[in-house]
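Working notes, structure below.
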Amino acid sequence: MAAILTGLLLDQYQQEMRNSKERNASRASLVAEWIQTTFALSDHVLEDIELLLGPPLKISVDDTFLLETLLMARADSRPLISEISIINRHGRVLASTRSVYPPGYDLSRMTFYRHLKESADTDYVGPLFWSAFDRAYRVVHARALYDSSKSFNGAVVVQLMPEVFSQALQHLNTRQGESIAIMDTQGRLLARRPDAKFELGMATANNPEVAAFLESHDQQRAMRFHSPVDGEERLYWMERLEGLPFNVVVGERTENVLAGWKQRLWILTLIASMIALLGAWVVRHYCNRLYLAEQLRHRIEEREEAKAQAQMREARLEALVQSIQDMIFVFDQYGCFTYIHALDEDWLLEDKQTVLGRHYSDVMPPEVTEALNSVFYRVQHNRQVEELEYSLPGAEDVRHFHAVLSPLADAGGGFNGVLAAVRDVTESRLKEAELRIAATAFQTHLGILITDRQARIIKVNDTFSRITGYREDEVLGENPRMFSSGRHSDDFYKFLWSSVAEKGSWEGEIWNRRKNGQIFPEWLTISAVKDGQGNLTHYVATLDDITERKAAEQEIHQLAFFDPLTGLANRRLFIDRMEAVLKTHERHNKLGALLFIDLDNFKQVNDTLGHYAGDKLLQSMALELAAVLRDTDTLARLGGDEFAVLIEGLGAHREQTAELAENIALKLLMAIRRPIEVDDDTVLVTGSIGITLIEGADHDVDICLQQADMALFQAKEAGRDTLSFFDPQMQAALLARARLENDMRLALANEQWTLFYQPQVDANGMLTGVEALLRWQHPERGIVSPGEFIPLLESTRLINEVGDWVLETACRQLAEWQKKPQTAGLSMAVNISPVQFSEDSFVPKVKAILRRTGAPADKLKLEVTETLFVDVSDNALRKMSHLRHQGVRFSLDDFGTGYSSLSYLAHLPLDQLKIDQSFVRELLNSRANAAIVESIIVLAKSLGLSVIAEGVETTTQRDWLKKHGCIAYQGYLFGRPMSTAEIEKMM
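Pasting the structure below:
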């Protein structure tokens, strides 16, 4: 019967669903026809405008007023139209019915424009879109315009107001629970009835059923789901509009569709339920009798099984208790014995049977009873485990016991007694005492380390930790090799362990490492421990820190070889080291230097401030001098105020060695001049230094000492606070260099520097620029060669000061020439030293000079050498790029003689390559030079750089260069370096 009723109800259910589907489909078709009609009206407007705009053209597109009048007439006749616009082929508005899109406004980024321009479609209807101008949703209907050659020529665009769709739906008669909606292809609502909870543009694609339909290619689909708008469950019919980006969704509330079917369902269900209840009562009555019989049998079996389990647990518990070595007492809540377990009843004060049922105070001694009263009280009231230790007299001695008392609870959680587990701890107490005695012996003044037979550390004492810095837990399980200092060889350790293996022990001095990394000496004794059978079981090591003893030995050594006042090497150690250095220099053909230092006015300090101040001065002076020297140099105090410095391995050439020795001596003189605080006094002294160069051949210690002493005498004779070389020739050379440096420092102040200008010409011989060349007009020597003073300028860093003067003088001249028509076109090339360029202030200086002199930046050409770019840095690139941005040009001077590489040429902001005169000079005599020059010209052209050749002295050289593409020259053929007047006369 149930099957019949179910089949009948299922058939009726399916029929109701088919009827609803047909009704919804019919209503959807009606709405779809209306929407098609609406777009047919907008299509009519588009077609009308298209006919007027050609081809053939009936209205000029340049007549904006006429176009807007035409559009306004058609927009006013169609209330559903929000706006009509005409755009040209570039997407710009020609005319519009509203001022939102003024003529010329760019709509080329709009979807409809790109679609019509890039596809073959003539019409475009878009989904709902948000208008930023109207701040409202709109629908676009656009049609492409074509010229006479069928090329895209623009478009007519109609914007429809979505509210028209909502107004149309409100005129439809709907059934109760029915909903009609229009949405675009992205699931956004244009209209809905009923309009409760409806918002224009509301997204519905987050509903899985709606999303599935939108993503599918189905033209129509029937679905059942809850509305994403009002949450009502409906039977929906969804239909796509042919040729339009819209869908019609018609739904009928499920509850209304199935109302009649549900009523019939309830009636048939009620009848079936009554019949089922009657049958169920009969079956239940019978089943209850069977169930009661089964329950009775099951309970009898459970009772028997529980009895057997209880007997088994009791037997296991008894066996467990009997295996416990401790005594167990159970007291009731009043303190009376209810259970006693003791493997040896001799431990009990009385027979077990006589004790049961009695209070513990009747059995225990008074002192134990008193302690037990307190513990029993705490266990009863705090319900926590307590411990008790007590002693009882035995047959031969006193026995010590440790008891753990735990509370017992009844079924209701109330206090029901105490369980006491008691252990005889007499033997363990004796062992603890023995261990304490051993521990006391273990804490000796010596460090003790114990390992197992595999040399794994198992115990160390506190003295060991104090000596090594390691805690016990940090070394347990480790091998003692962790303390190795690395000072001893493998053979040393092999001998040590072989002695332990053969003799049973070893002792001796060894260097080990503390935890902090410090290496220290110790006296170590290692002993092997064996058992009764002679088997090795452990190693025991004792160690004594002998750092202080070694320090005492070191102090004795210090007194023998070092000056006790300053800590510097004494004469004995200094002479030993000199002998070693002389041998080394002889083997390796190296040169060194020996310096004698004498404090000029030390006696005056002693006489005025006392010997104590003199000693303090010597100690401070030793520190000052040592700070100047290398670790490999030897500084010694020979006695009094005389110091000696031994410098080895300065070089293989005498001139280079002398220059380095002089630099070191100058630094030492500066250190001596520094004020020294002695107590409350500030002491100022100077020094004299004698220098002799030392080498292995034909030199011994005595000769070197005599030469240094003679040089020191010469320094003192020269006026003190100075240095003197023993070698007369070297002394003369250094004096000449020092004199030149001193004259050079005065040259700028005395206006001895001057600039000459060498012409630079083009292929026709026309003067295009000049290179500024620095000359030194010495008052005694006349013109000094640049090759002599330029390196000295750079080594002393005077190049920065002189280079600034050169740049400013050249720029000032360049500015003057700009005022004269015949020289206004000249450029000015200025050489820049790498030392000058590396200064952080270089770029600001150049900018300030250009601003101060008024020189045009684009006429200034800075010539830099390749040595500046051996390693192209971001800092150098930034400096050049910054100046290039100001208009300054860069020329790479002496190209081909340094470290040229295509990688840096490709990165540097250069304007010109300058071919070095060494290549030009041998151009006609050397194929290699000719090939290099030709390669430079080709390279410059490939990099987009100009090229200029310097050192051109013959017409043949110029013609060769011109033939191969070089059209700018500099050299004696066109003029030597000359004054400004000569340059102007040349123009």
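Just add 40 to the spot in the sequence shown (first one is 1) and you have the numbering used here.
By construction, the Cβ of each residue, glycine as well, lies at the ideal position given by its N, Cα and C atoms.
A distance below 9 Å separates the beta carbons of LEU854 and LEU900. If you draw a straight line from the Cα of PHE523 to the Cα of LEU686, it is about 38 Å long. Three or more beta-carbon pairs drawn from the region 975-994 and the region 947-965 are found closer than 8 Å, and the two stretches are therefore classed as touching. Shown here for GLY927: same chain residues with a beta carbon closer than 6 Å to its own, the five before and five after excluded, namely ALA897 and ASP898 in chain order. Per DSSP, HIS818 is not a residue of any alpha helix (DSSP H); the beta strand (DSSP E) it occupies stretches across 807-818. Judged by beta-carbon spacing, THR409 lies within the 9 Å limit of TYR400, meaning their Cβ atoms are closer than that value.
Under the three-state reduction of DSSP, THR732 is assigned to strand.
The beta carbons of LEU948 and PHE930 sit closer together than 9 Å. If you look at LYS954, you'll find it in the beta strand (DSSP E) that goes 952-955. ARG233 has ILE220 as its beta-bridge partners, per DSSP.
CA-CA distance, LYS61 to GLU218, rounds to 12 Å. As computed with DSSP, CYS376 is found in a beta bridge with HIS399. In the three-state scheme derived from DSSP, where H, G and I count as helix and E and B as strand, VAL992 is classed as coil.
The beta carbon of PHE935 is closer than 8 Å to those of GLU906, LEU953, LYS954, ILE955, ASP956 and ILE976 in its chain, skipping five residues each way along the sequence. The DSSP-derived three-state label of ARG175 is coil. Under the three-state reduction of DSSP, ASP721 is assigned to strand. THR726 has its alpha-carbon roughly 5 Å from the corresponding atom of ARG713. Nearest Cα to ASP638 within the set GLU757, GLU974 and PRO561: GLU757.
In the displayed model, MET242 falls within coil according to three-state DSSP, outside both helix and strand.
For the pair ARG175 and ALA68, the Cα-to-Cα distance works out to about 30 Å. Per DSSP, reduced to three states, the secondary structure at LEU917 is helical.
When C-beta atoms of the region 196-207 are compared with those of the region 116-126, three or more pairs fall below 8 Å, so the two segments count as touching. When rounded, the separation of the alpha-carbon atoms in LEU147 and GLU282 is 27 Å.
Remark: three or more beta-carbon pairs, one from each stretch, lie closer than 8 Å, so the region 1015-1026 and the region 794-809 are flagged as touching.
DSSP places SER867 in the strand class (E or B) of the three-state scheme. DSSP places VAL465 in the coil class of the three-state scheme, outside both helix and strand. Excluding five sequence positions before and after CYS1006, the CB atoms of its chain that fall closer than 8 Å to its own CB belong to ILE955, VAL973, ILE977, VAL987, ILE988 and ALA989, given in chain order. Within the DSSP secondary-structure output, LEU383 pairs in no beta bridge. GLN303 is positioned such that its CB atom lies no closer than 9 Å to that of GLU279. In terms of CA proximity to GLU717, LEU658 leads the group THR109, LEU658 and ILE222.
In the displayed model, PHE1014 falls within coil according to three-state DSSP, outside both helix and strand.
Apart from sequence neighbours up to five positions away, the residues of its chain that approach ILE559 with a beta-carbon distance below 6 Å are SER525, TRP551 and ARG553, ordered along the chain. Apart from the 5 residues on each side of it in sequence, GLU427 sits with its Cβ closer than 6 Å to the Cβ of VAL444 in its chain, given in chain order. With a beta-carbon spacing of about 12 Å, ILE734 and ALA751 fall beyond the 8 Å limit used to define contacts. The beta-bridge partner set that DSSP reports for GLN754 is empty. Annotation: the continuous alpha helix (DSSP H) that includes GLY843 extends over 839-858.
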